[in-house]
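Quick notes on the structure that follows.
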């Protein structure tokens, strides 16, 4: 018999679980004890919530899917040793975030910082917004990232 929850988890429930963990009982998948996540909740909550986004009540903004798809593409380019001069994205607001000299402030700041670091690694100087029809690869990656339950896709 398969049991299922009748509702998705809320952000507050996930935070409660993290803070109820025994601080030094066992290492997590990345070698950190629970005490690390408890003490750094302000900085790491975005990664924890992103990893469990499909289990949350509600959903993230569509732009987050674009962030994650762009990040995955850049990680692939870096691992293959490719150098790219221009990043393409279907969202003008996402492109403007990466072209702005001002720091991004928000819950997904960790993704933005990762992407900006990857821009340097693969030699990207600009992010350009293009229509979805002309950029079906980015659109499909964004939709996959937005709907994926694979933790490695989010935290890669």
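Residue numbers (the UniProt record's numbering): 1 to 156.
For glycine and all other residues, C-beta sits at the position ideal for the given N, C-alpha and C.
None of the values given here were measured: they were computed from a predicted structure.
_Closer than 8 Å is the cut-off here; do at least three beta carbon pairs connect the region 99-106 with the region 61-75?_
no
_Between the alpha carbons of residue 155 and residue 75, how many angstroms are there, rounded?_
Translated into the one-based positions of the chain shown, residue 155 becomes position 155. Translated into the one-based positions of the chain shown, residue 75 becomes position 75. No answer about residue 155 holds up, because its pLDDT of 44 lies below 50 and its placement is not dependable.
*Given residue 161 as reference, the closest of 31, 18 and 27 once Cα atoms are compared*: What the structure shows of the chain is the stretch from 1 to 156, and residue 161 is not part of that stretch, so it cannot be assessed.
*CA nearest to the CA of residue 130, picked from 84, 96, 77 and 39*: Within the chain shown, numbered from 1, the residue matching residue 130 stands at position 130. The option with the nearest alpha carbon to residue 130 is 96.
*Got a sec, what are the start and stop residues for the beta strand (DSSP E) residue 109 sits in?*
The residue given as residue 109 occupies position 109 in the chain shown. That residue, residue 109, is in no beta strand (DSSP E); its alpha helix (DSSP H) goes 109-121.
*If residue 71 sits next to residue 115, beta carbons under 8 Å apart, how far is it from one beta carbon to the other, in whole angstroms?*
Taking the first residue of the chain shown as position 1, residue 71 is located at position 71. Taking the first residue of the chain shown as position 1, residue 115 is located at position 115. Taking 8 Å as the upper bound for CB-CB distance, residue 71 and residue 115 are in contact here, some 5 Å apart.
*asked:* If the criterion is Cβ atoms closer than 8 Å, does the pair residue 37 and residue 48 meet it?
replied: For this step, residue 37 is matched to residue 37 along the chain shown. For this step, residue 48 is matched to residue 48 along the chain shown. Their beta carbons are under 8 Å apart, which means residue 37 touches residue 48 by this criterion.
_Cβ-Cβ distance between residue 34 and residue 25 below 8 Å_ = Locating residue 34 in the chain shown gives position 34, counting from the first residue. Locating residue 25 in the chain shown gives position 25, counting from the first residue. The answer is yes: Cβ separation under 8 Å.
*With 16 as the cutoff for other CB atoms within 10 Å, does residue 89 come out buried or exposed?*
Position 89 of the chain shown, counting from 1, holds the residue named residue 89. Residue 89 should be labelled buried.
*For residue 42, write down the residues that DSSP places opposite it in a beta bridge.*
In the chain shown, the residue the question calls residue 42 occupies position 42. Under DSSP, residue 42 takes part in no beta bridge, so it has no partner.
_Cβ-based burial, residue 1 [other Cβ within 10 Å; buried from 16]_ = In the chain shown, counting from the first residue as 1, residue 1 sits at position 1. At residue 1 the pLDDT is 44, less than 50, meaning the model places this residue with poor confidence; the figure from the coordinates comes in the next sentence. It is exposed - the Cβ of residue 1 has fewer than 16 other Cβ atoms within 10 Å.
*Give a yes or no on whether the C-beta atoms belonging to residue 87 and residue 127 are separated by under 8 Å.*
Residue 87 sits at position 87 when you count from the first residue of the chain shown. Residue 127 sits at position 127 when you count from the first residue of the chain shown. Yes, the Cβ-Cβ distance between residue 87 and residue 127 is below 8 Å.
*Which of helix, strand or coil DSSP assigns to residue 126*: In the chain shown, counting from the first residue as 1, residue 126 sits at position 126. Strand, per DSSP.
*With DSSP run on the structure shown, which of helix, strand or coil describes residue 76?*
Along the chain shown, one-based indexing puts residue 76 at 76. Helix at residue 76.
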